[in-house]
Amino acid sequence: MKSILIKTILAVIIMGALVACAENKKPEINFPPTDLSVANMIPKPLKTIATNNAFGLDQFTTIYTSQTDNGFVEVGHYLSDKISEVTKLNLLVNEKSENTVDRIIYINQSDSTDLATNESYQLYITKDSAIINSKTAEGAFRAVQTFRQIIPESSNDTLAEQPIWPIPTGKIIDAPNFEYRGSMLDVARHFFSVEDVKKYIDILAYYKYSILHLHLSDDQGWRIEIKSWPKLTEVGGSTEVGGESGGFYTQEEYKEIVDYAAANYITVVPEIDMPGHTNAASVSYPFLNGNGKKVKLYEGTHVGFSTFDTRKDTVYAFIDDVVREISAITPGPYFHMGGDESHVTKKNDYIHFVNKVEKIVKKYGKRMIGWDEIVTADIDNQAIAQFWSSKENADMAVKKGMKVILSPAKKAYLDMQYDSLSKHGLHWAAFVPVDSAYIWTPENYEGIPTENILGIEAPLWSETISTIDELEYLAFPRAIGHAELSWSTQENRDWGNYKVRLANQAPYLDRMDVKYYPSKLIDWKKSKYSYTEIKKD
Ligand code: ACM
Numbered sequence: 007m008k009s010i011l012i013k014t015i016l017a018v019i020i021m022g023a024l025v026a027c028a029e030n031k032k033p034e035i036n037f038p039p040t041d042l043s044v045a046n047m048i049p050k051p052l053k054t055i056a057t058n059n060a061f062g063l064d065q066f067t068t069i070y071t072s073q074t075d076n077g078f079v080e081v082g083h084y085l086s087d088k089i090s091e092v093t094k095l096n097l098l099v100n101e102k103s104e105n106t107v108d109r110i111i112y113i114n115q116s117d118s119t120d121l122a123t124n125e126s127y128q129l130y131i132t133k134d135s136a137i138i139n140s141k142t143a144e145g146a147f148r149a150v151q152t153f154r155q156i157i158p159e160s161s162n163d164t165l166a167e168q169p170i171w172p173i174p175t176g177k178i179i180d181a182p183n184f185e186y187r188g189s190m191l192d193v194a195r196h197f198f199s200v201e202d203v204k205k206y207i208d209i210l211a212y213y214k215y216s217i218l219h220l221h222l223s224d225d226q227g228w229r230i231e232i233k234s235w236p237k238l239t240e241v242g243g244s245t246e247v248g249g250e251s252g253g254f255y256t257q258e259e260y261k262e263i264v265d266y267a268a269a270n271y272i273t274v275v276p277e278i279d280m281p282g283h284t285n286a287a288s289v290s291y292p293f294l295n296g297n298g299k300k301v302k303l304y305e306g307t308h309v310g311f312s313t314f315d316t317r318k319d320t321v322y323a324f325i326d327d328v329v330r331e332i333s334a335i336t337p338g339p340y341f342h343m344g345g346d347e348s349h350v351t352k353k354n355d356y357i358h359f360v361n362k363v364e365k366i367v368k369k370y371g372k373r374m375i376g377w378d379e380i381v382t383a384d385i386d387n388q389a390i391a392q393f394w395s396s397k398e399n400a401d402m403a404v405k406k407g408m409k410v411i412l413s414p415a416k417k418a419y420l421d422m423q424y425d426s427l428s429k430h431g432l433h434w435a436a437f438v439p440v441d442s443a444y445i446w447t448p449e450n451y452e453g454i455p456t457e458n459i460l461g462i463e464a465p466l467w468s469e470t471i472s473t474i475d476e477l478e479y480l481a482f483p484r485a486i487g488h489a490e491l492s493w494s495t496q497e498n499r500d501w502g503n504y505k506v507r508l509a510n511q512a513p514y515l516d517r518m519d520v521k522y523y524p525s526k527l528i529d530w531k532k533s534k535y536s537y538t539e540i541k542k543d
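Following this line, the structure appears as structure tokens:
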């Protein structure tokens, strides 16, 4: 009842604003032809119908939102902030303007059955209004990214007395192909600051990512404060690849990342990699070590030499504490236990270990994810396998009825070099140029049935990168293609069409100061923000 009353009040305010706008009728603006169907949206929406007119975004535009359902008001303010970044306009949100209101952006909670998922949305743009309908604020947030992408970078100052940004009119009906649309940052090989991670989140959000997986521990570093085991960060966090000083997130800093991601409708997946990739933990607490050798800090890049002792109760008591502390500050449903490349753990010990860790993860209310090797243990079908390497393991996951996250290294690994001239990256899986990263079909990749696929994740390992610029060089533009692969349907994906839309991301990327790799396969659009790359000697 209350909700109907508030909706009615809101409708009256909006009608009032529109009447005021009609009363103060300004001369009609004659927009040049616009075409929503050729707008540079990535990921490409499910359906786009152009009506070839324009909504003039200007200082006389106001944002209204549903105010009864969680998060819609915040999405309205977020949109106002993002519009301001491009246009310097300060659009009011749910406030009556002293100016006349010419046009309205309305972010509306809707229970329409046409909205299949929480992330589904409709965006209806006419000359006078832009209406977003979604079930939840999450759907509205995804819609807002679409809206941001169709705002021109520059205003047209000749159409009206005030600067005006013509937005093409039409209808967009949209929903994600896969719910899990992720990227991983390896903050263990090289540590990245909270600010770096936030910048990465900003860009992922623009392309409708839903997951940020943080690889928080490895042989070279332990990166998250565990209060009951302080040496993990004091000792294990002190190094990184190449002998630099490492670093770690306090729990408060980790929460800051988690909260920032949540405000961008991105879920953080924490990973503690084990039983292999555990040298930094074992140096901190040598009783954990199971490889029979004396442990010391490690700054190299070889893999597969470390293991926990899988037959000691104290090791599981330690893991229980780690999973408990991290789960308590992780609102998302997942905990990633790694499980890859445990080359010095005996097979039976590995199975025993994964079985035990799965129970601990469940005890703390999380759903376990692991790299594809975990399927060799006796885990149940609630666990999720991340397919990075072994087709045999992926097939076994399907047989067990498990969901699979697709991260095939030769397509989805962001740390693979683009080609032999790439400044950073490795090529053990393949050289992955921008077209190859995009041209594959997750829906039936390696014969995995679509219904088993939870989504796609593009991991960025950090053996060869230590700065945000280097991170961006490897991640972009390929991570943009993975966004389209995981959101857009197969019928809506086409390299020829995509590469034009990608070329037109340059103004956004430049404005965000993203040092993307300017692949020669793309005819990058010049922008007023273009930077000249400073050559390092
Ligand atoms: C991995 O690349 N070792 C998962």
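Residues in the sequence shown are numbered from 7 upward in steps of one, following the numbering used here.
Beta carbons: idealized from backbone N, C-alpha and C, even for Gly.
This one's a predicted model, so the numbers in the text were calculated from it and none came from an experiment.
One alpha carbon belongs to K416, the other to A56, and they sit about 37 Å apart. Those residues that bring their Cβ nearer than 6 Å to a heavy atom of the ligand ACM are D346, E347, W377 and W394. Ranked by how close their Cα comes to the Cα of V506, the residues T456, D441 and D516 have D441 in first place. For G249, the three-state secondary structure derived from DSSP is helix. In this structure, DSSP gives W228 an extended state, which the three-state scheme calls strand.
Within the model, the alpha-carbon separation for L508 versus P524 is close to 11 Å. Exposed is the label assigned to H308, since fewer than 16 other Cβ atoms lie within 10 Å of its Cβ. In the three-state reduction of the DSSP assignment, H342 falls in the strand class.
Fully enclosed beta strand (DSSP E) runs of no fewer than 3 residues occupy 340-344 of the region 305-344, in order along the chain. Within the region 415-458, complete alpha helix (DSSP H) segments of at least 4 residues are found at 415-418 and 440-444, given in chain order.
A distance below 6 Å between beta-carbons, with the five flanking residues on each side excluded, links D134 to the following residues of its chain, in chain order: R109. Counting only runs of 3+ residues, the beta strand (DSSP E) found wholly inside the region 161-207 occupies 171-180 and 186-192, in chain order.
Following the DSSP letters along the chain, one finds V301 in no alpha helix (DSSP H), marked with neither H nor E. Per DSSP, Q392 lies in no alpha helix (DSSP H); the unbroken beta strand (DSSP E) holding it starts and ends at I390 to F393. A122 and A181 have their C-alpha atoms some 8 Å from each other.
P172 sits close to G62, with the two beta carbons spaced by under 7 Å. Three or more pairs of CB atoms, one per stretch, sit closer than 8 Å, so the region 213-232 contacts the region 285-296. Within the same chain, and ignoring the five residues on either side of E478 in sequence, the residues whose Cβ sits closer than 7 Å to its Cβ are V520, K521 and Y522. Cβ neighbours of E452 within its own chain (closer than 6 Å, five residues either side excluded): K397. Under a 10 Å Cβ-count criterion, D516 is classified as buried, with 16 or more other Cβ atoms of the shown protein chains found around its own Cβ. Within the region 350-380, complete alpha helix (DSSP H) segments of at least 4 residues are found at 353-369, given in chain order. Residue burial is scored here from C-beta neighbours: G82 has at least 16 other C-beta atoms within 10 angstroms and is therefore classed as buried.
Residue nearest to N503 within the set K32, P49 and I335 is P49 (criterion: CA-CA distance). Shortest Cα-Cα distance from E246 to any of P448, H196, V264 and D265 involves H196.
Distance from E463 to S413 at the Cβ level is roughly 5 Å; contact confirmed, criterion being Cβ atoms closer than 8 Å.
Just so you know, the alpha carbons of L52 and K204 end up roughly 29 Å apart.
With contacts defined by Cβ atoms closer than 7 Å, L210 and P276 do not form a contacting pair. Burial check for R317: the Cβ neighbour count within 10 Å stays below 16, so the residue is exposed.
Judged by DSSP secondary structure, L85 falls within the alpha helix (DSSP H) whose first and last residues are F78 to T93. L466 and I278 have their alpha carbons spaced roughly 16 Å apart.
Per DSSP, the continuous beta strand (DSSP E) segment holding M280 begins and ends at T273 to M280.
At a cut-off of 4 residues, the continuous stretches assigned as alpha helix (DSSP H) that sit fully inside the region 457-503 are 474-481 and 484-493. With a beta-carbon spacing of about 7 Å, I459 and F184 fall inside the 8 Å limit used to define contacts.
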